[in-house]
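Okay, structure first, notes after.
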Ligand code: GUN
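Numbering (my numbering), first residue to last: 3 to 297.
Here it is in structure tokens:
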């Protein structure tokens with residue numbers, strides 16, 4: 003029997019998939035076939051796995067999808083030219099350029115080149131700005147949006163709570179903090195954003211009602227950092243060596259799950275917590291991009 007305090011990310015993602023599938027059917031009935039285009043540059047093995055999973059799930063929900071795979075040496079100008087073609091293609095509703103990108107390519111320039119209405123990742127400066135302003139017409143990055151849904155759908159009290167976000171990356175930490183501090187009954191949290199240079203990180207964590215770990219360090223959140231009863235969300239995907247594993251390594255989260263789970267109020271398993279939610283929000287965003295054409 004799994005522990006009772008687990009947050010079932012897979013189950014909640016499936017609920018969202020069911021809702022998304024109905025929206026896809028409604029679009030199709032109106033003659034619109036939602037389409038998501040992935041762009042992957044180089045041979046990063048993790049990116050291959052992630053894009054493959056996103057593509058398969060898109061198809062399962064009735065969303066058309068294709069992946070452009072560009073070689074590692076691709077010039078930034080070539081990638082920008084592809085994005086420009088996809089921006090102009092009326093059949094493409096969402097564009098996702100998988101990060102990380104090779105060094106010769108400026109990711110910021112690439113994300114800024116995607117039309118904001120097709121930016122289902124929510125990385126375009128217009129969408130980042132809308133998130134900060136509390137303007138819900140933009141796209142919210144999928145991992146923070148997924149965590150927000152997990153909290154809402156498990157009736158976790160966010161309003162008035164002390165939330166500590168570990169990690170200040172543009173994909174998770176910063177947008178997560180922006181989402182939860184908004185003036186809204188769905189947010190209204192007191193948010194502290196901690197990072198590698200935080201002097202009193204441990205003390206901040208210890209008073210968190212909701213602790214969100216996106217710091218990219220294997221098993222960083224140990225039991226002594228967690229207030230008993232806190233809700234703990236593990237975003238981390240870290241490869242660590244493990245001689246007993248078939249390929250000599252395995253994936254672990256940012257949370258030392260075995261020691262934190264017994265004292266947490268609720269906790270995400272990893273895998274099976276945040277990951278499925280990221281995909282669910284991506285596909286929901288894609289359908290929203292297509293729905294915008296019907297208004
Ligand atoms: N790499 C890791 N996470 C993400 C994500 O959410 N979107 C994209 N495009 N790349 C990523």
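All C-beta atoms in this analysis are idealised placements derived from N, C-alpha and C, irrespective of residue type, glycine included.
In this text, all values refer to a predicted model and were calculated from it rather than measured experimentally.
Subject >> Residue burial classification, residue 288 (beta-carbon count within 10 angstroms, cutoff 16) >> reply: Stepping through the chain shown from its first residue, residue 288 is reached at position 286. So residue 288 ends up on the buried side.
Original post:
Per DSSP, residue 66 forms a beta bridge with which residues?
Top reply: On the chain shown, position 64 is the one that residue 66 refers to. Looking at the DSSP output, residue 66 shares a beta bridge with 37.
Original post:
Just to confirm, does residue 207 get its C-beta within under 7 angstroms of one of the non-hydrogen atoms of the ligand GUN?
Top reply: Start at 1 with the first residue of the chain shown, and residue 207 comes out as number 205. Flag unset: Cβ of residue 207 not near the ligand GUN.
**OP:** Can you give me the start and stop residues for the alpha helix (DSSP H) that residue 287 sits inside?
**Re:** Residue numbering aside, residue 287 sits at position 285 when the chain shown is read from its first letter. Element bounds for residue 287: 276-293.
**OP:** Give a single yes or no on whether residue 183 has its beta carbon closer than 7 angstroms to a heavy atom of the ligand GUN.
**Re:** Taking the first residue of the chain shown as position 1, residue 183 is located at position 181. Not one heavy atom of the ligand GUN falls within 7 angstroms of the beta-carbon of residue 183.
Original post:
Taking the alpha-carbon positions, what's the residue 88 to residue 97 distance?
Top reply: In the chain shown, the residue the question calls residue 88 occupies position 86. In the chain shown, the residue the question calls residue 97 occupies position 95. Distance between the alpha carbons of residue 88 and residue 97: 7 angstroms.
Original post:
Who are residue 252's beta bridge partners in DSSP?
Top reply: Walking along the chain shown from the start, residue 252 turns up at place 250. According to DSSP, which records beta bridges pairwise, residue 252 is partnered with 242.
Original post:
Secondary structure at residue 72, three-state DSSP: helix, strand or coil?
Top reply: Start at 1 with the first residue of the chain shown, and residue 72 comes out as number 70. Here residue 72 sits in strand by DSSP.
Original post:
Looking only at C-alpha atoms, which of 112, 175 and 159 sits nearest to residue 166?
Top reply: Within the chain shown, residue 166 is the residue found at index 164, counting from 1. Relative to the Cα of residue 166, the nearest Cα in the group 112, 175 and 159 belongs to 175.
**OP:** Classify residue 51 as buried or exposed, calling it buried when 16 or more other Cβ atoms lie within 10 Å of its own Cβ.
**Re:** The residue you call residue 51 lines up with position 49 of the chain shown. Residue 51 is exposed by the Cβ-count criterion.
**OP:** Would you identify the three-state DSSP class for residue 169, choosing helix, strand or coil?
**Re:** By 1-based counting over the chain shown, the position of residue 169 is 167. Coil at residue 169, not helix or strand.
**OP:** Pick out whichever of 205, 6, 224 and 3 has its Cα sitting closest to the Cα of residue 164.
**Re:** Here residue 164 refers to the residue found at position 162 when the chain shown is read from its first residue. Per the Cα distances, 205.
Original post:
Excluding sequence positions up to five away, which residues of its chain have a Cβ less than 8 angstroms from the Cβ of residue 301?
Top reply: Outside the modelled stretch of the chain, which goes from 3 to 297, sits residue 301, for which no answer is possible.
Subject >> For residue 128 and residue 78, the rounded distance between their alpha carbons >> reply: What you label residue 78 is simply residue 76 of the chain shown in a count that begins at 1. What you label residue 128 is simply residue 126 of the chain shown in a count that begins at 1. In this structure, the alpha-carbon of residue 78 lies about 21 angstroms from that of residue 128.
Original post:
What are the start and end residues of each continuous alpha helix (DSSP H) run of 4 or more residues lying completely inside the region 55-136, in chain order?
Top reply: 78-90, 109-115 and 127-135
Original post:
With residue 191 and residue 256 assumed to form a contact (beta carbons below 8 angstroms), what rounded beta-carbon distance in angstroms separates them?
Top reply: Within the chain shown, numbered from 1, the residue matching residue 191 stands at position 189. Within the chain shown, numbered from 1, the residue matching residue 256 stands at position 254. With a Cβ gap of about 20 angstroms, residue 191 and residue 256 do not count as contacting.
Subject >> residue 172 versus residue 111: straight-line alpha-carbon distance, rounded >> reply: As a working note, residue 172 is residue 170 in the chain shown. As a working note, residue 111 is residue 109 in the chain shown. Answer to the nearest angstrom: the Cα atoms are 14 angstroms apart.
Subject >> Rounded C-alpha distance that separates residue 209 from residue 268 >> reply: On the chain shown, residue 209 is found 207 positions in, with the first residue counted as 1. On the chain shown, residue 268 is found 266 positions in, with the first residue counted as 1. Those two C-alpha atoms are separated by around 15 angstroms.
Original post:
residue 236 and residue 275: beta carbons closer than 8 angstroms?
Top reply: Within the chain shown, residue 236 is the residue found at index 234, counting from 1. Within the chain shown, residue 275 is the residue found at index 273, counting from 1. Closer than 8 angstroms, so yes.
Original post:
Can you pull the DSSP bridge partners for residue 43?
Top reply: Here residue 43 corresponds to residue number 41 of the chain shown, with the count starting at 1. Per DSSP, 72.
Original post:
Does at least one heavy atom of the ligand GUN sit under 7 angstroms from the Cβ of residue 101?
Top reply: Reading the chain shown from its first residue, position 99 is the one you call residue 101. Yes, the Cβ of residue 101 comes within 7 angstroms of a heavy atom of the ligand GUN.
**OP:** Can you give me the start and stop residues for the beta strand (DSSP E) that residue 234 sits inside?
**Re:** Here residue 234 refers to the residue found at position 232 of the chain shown. Residue 234 -> beta strand (DSSP E) spans 233-236.
Subject >> Closest residue to residue 71 among 90, 41 and 293 (Cα-Cα distance) >> reply: Mapped onto the chain shown, residue 71 falls at position 69. For residue 71, the nearest C-alpha among the options comes from 41.
**OP:** Just confirm the distance between the C-beta atoms of residue 258 and residue 242, as a whole number of angstroms; I'd bet it's less than 8 angstroms.
**Re:** Translated into the one-based positions of the chain shown, residue 258 becomes position 256. Translated into the one-based positions of the chain shown, residue 242 becomes position 240. Between residue 242 and residue 258 the Cβ distance is about 12 angstroms, and since that is not below 8 angstroms, they are no contact.
Subject >> Which listed residue (185, 189, 222 and 186) has its alpha carbon closest to that of residue 203 >> reply: For this step, residue 203 is matched to residue 201 along the chain shown. Checked all of 185, 189, 222 and 186; the closest Cα to residue 203 is 222.
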